[in-house]
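Before any comments, here is the structure.
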Amino acid sequence: PKTISKCYVQVTGMTCASCVANIERNLRREDGIHSILVALMAGKAEVRYNPAVIHPSTIAELIRELGFGATVMENCGEGDGTLELVVRGMTCASCVHKIESTLMKTNGVLYCSVALATNKAHIKYDPEIIGPRDVIQVIQDLGFTTSLVKKDRSASHLDHKQEIRQWKRSFVVSLVFCIPVMGLMIYMMVMDSQLSDAHAHHNMSDEEMEALHSSMVLEYQLLPGLSVMNFLSFLLCVPVQIFGGWHFYIQAYKALKHKTANMDVLIVLATSIAFVYSFVILLVAMAEKAKVNPVTFFDTPPMLFVFISLGRWLEHVAKGKTSEALARLISLQATEATIVTLGPDNVLLSEEQVDVELVQRGDIVKVIPGGKFPVDGRVIEGHSMVDESLITGEAMPVTKKPGNTVIAGSINQNGSLLISATHVGADTTLSQIVKLVEEAQTSKAPIQQFADKLSGYFVPSIVAVSVVTLFAWIIIGFVDFEIVEKYFLGYNKSISAAEVIIRFAFQASITVLCIACPCSLGLA
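Just remember that the numbering used here sits 276 ahead of the position in the sequence shown, which is counted from 1.
And the structure:
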């Protein structure tokens with residue numbers, strides 16, 4: 277028997293099915309070529325040939341003579357194991373960076389790319405060193421849940437409904453409590469400005485001023501040191517901190533457990549510090565039975581949570597839109613196929629229903645009127661009209677007779693056809709289109725990889741900067757109190773200089789944290 281080898285040739289410049297037919301027809305005539313199969317979308321020809329007669333480079337040359345570009349593909353993906361995983365629990369760029377860097381350090385992993393938008397990880401590994409189970413274990417140790425990509429047709433990993441719901445809830449809770457807090461703030465500001473106007477016009481004495489000030493409803497003290505304003509703000513802030521910030525806390529905890537800092541850590545830091553600092557200051561004021569109400573930051577957490585959960589919600593809605601297009605494409609694929617066994621003279625002997633994934637190349641598939649073509653193939657028997665508009669955009673049905681090619685996902689209209697499968701599974705035109713769209717989503721622009729890397733260093737540096745701010749202002753304050761006095765408006769003359777300085781320094785450093793908090797880099 278003649279030995280038969282197989283080679284793959286990358287073919288460029290094919291535009292339609294007739295190019296494919298042209299290449300196949302011409303190459304079949306050549307000596308030493310057994311069979312040739314060209315995939316249009318993948319731009320790939322698979323040739324079985326007799327190495328004693330013809331060489332792969334000659335085959336490529338033959339294709340070039342027909343007016344196409346052709347190069348022989350070396351080691352076409354054999355040997356390397358590839359693994360597609362669905363990874364859940366990723367929130368931002370630094371999670372992606374964490375998974376990628378950990379996997380690349382693992383012995384036996386050759387390549388790895390994680391996409392936040394599709395929740396997918398794509399891994400190439402050396403099967404002699406490491407197996408899929410080990411890879412999954414590594415990702416799970418990092419605190420993410422992961423599973424093999426099931427070939428479910430519903431494309432559930434593209435479904436952002438749950439996340440959309442979760443962030444929407446988060447946003448609504450924060451918003452409900454944020455509006456009153458903002459109302460209180462604005463009211464206070466208006467009253468304050470009125471007071472200062474009053475002060476300017478009727479040269480009141482400071483005592484009268486104080487009297488007027490404490491007569492304001494919100495400044496009324498329920499207990500010594502605890503004003504209505506602060507008490508209300510505190511009450512409104514607690515639910516936001518718990519319900520609005522719940523997801524942030526979980527994610528931040530997971531990140532810190534693995535000694536990485538992501539955007540969530542920043543958010544949690546900023547809001548918790550603002551909240552705890554305000555709470556402690558209130559307690560101190562109550563303990564001192566202070567006449568003057570302390571300045572608190574209870575307005576910071578609700579407003580931060582509102583903006584960020586709104587951002588996250590919109591982000592997931594947008595992701596959902598992109599993914600919807602993909603899901604629609606995927607839903608075009610047939611799920612089952614009817615495989616038939618033919619006797620002599622094309623007599624039907626038996627037929628069975630199998631999953632599309634189990635159809636092999638060369639199987640004879642029967643497609644009934646109104647049915648979808650499960651795989652790409654060539655018609656063996658039967659005449660029919662086929663609606664290929666979903667792939668080609670052609671509105672009119674196309675006539676199919678024995679020898680014509682059919683495309684997976686197109687719809688058979690009036691006659692029953694028997695086709696011989698030429699491209700199955702991931703090689704069908706439809707799968708290739710889906711794959712291209714997914715890859716466009718998965719592959720990151722170089723600038724994006726750079727941003728991911730930066731966001732790994734971003735969080736620690738922001739924390740460092742805010743600590744520096746804190747100490748810088750404390751030092752400046754103790755050296756030259758006037759500067760602080762100039763910038764720290766509205767503080768009361770009745771508290772000690774040291775306290776003024778420390779409060780101002782705190783305010784400055786928390787401001788730094790809060791502003792840097794929605795890691796604009798990650799969002800962008």
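We put the CB at the ideal spot given by N, CA and C, even for glycine.
Remember, it's a predicted structure, so these values are computed and weren't measured experimentally.
For the beta strand (DSSP E) assignment, the uninterrupted runs of no fewer than 3 residues enclosed by the segment 680-753 are, from N- to C-terminal side, 693-699. Contact check for Leu-532 against Leu-789 fails: the beta carbons are separated by 9 angstroms or more. If you draw a 10 Å sphere on the C-beta of Asp-468, you find fewer than 16 other C-beta atoms in it, and that means exposed. Membership of Cys-513 in the alpha helix (DSSP H) is indicated by the continuous run 504-515. As the crow flies, the alpha-carbon of Gly-308 is around 24 angstroms from that of Gly-653. For Thr-394, there is no enclosing beta strand (DSSP E), as DSSP gives it neither H nor E.
The shortest C-alpha to C-alpha distance from Asp-417 to any of Gly-365, Lys-597, Tyr-763 is the one to Gly-365.
For Asp-631, the three-state secondary structure derived from DSSP is strand. With at least 16 other beta carbons inside 10 angstroms of its own, Thr-704 counts as buried.
Residues of the same chain with a CB within less than 7 angstroms of the CB of Leu-338, apart from the 5 flanking positions on each side, are Leu-303, Glu-306 in chain order. Annotation: Thr-617 to Lys-642 spans about 10 angstroms, alpha carbon to alpha carbon.
Ala-531 carries a helical assignment under DSSP once its states are collapsed to helix, strand and coil.
Under the Cβ criterion (8 angstroms, minimum of three pairs), the segment 644-663 counts as touching the segment 672-685.
Of all alpha-carbon atoms in Thr-421, Phe-510, Leu-499, Thr-334, the one lying nearest the alpha-carbon of Cys-454 is that of Phe-510. In terms of Cα proximity to Tyr-763, the closest of Ala-774, Phe-780, Phe-754 is Phe-780. Boundaries of the beta strand (DSSP E) harbouring Gly-345: 345-349, taken from the DSSP string.
Val-323 carries a strand assignment under DSSP once its states are collapsed to helix, strand and coil.
Under the three-state reduction of DSSP output, Glu-341 falls in the helix class. Tyr-733 is classed as exposed because its beta carbon has fewer than 16 other beta carbons within 10 Å across all chains shown. Linking Leu-693 to Ser-450 through their CA atoms gives a straight-line distance of about 59 angstroms.
With respect to Pro-456, Gly-521 sits apart: the two C-beta atoms are not nearer than 9 angstroms.
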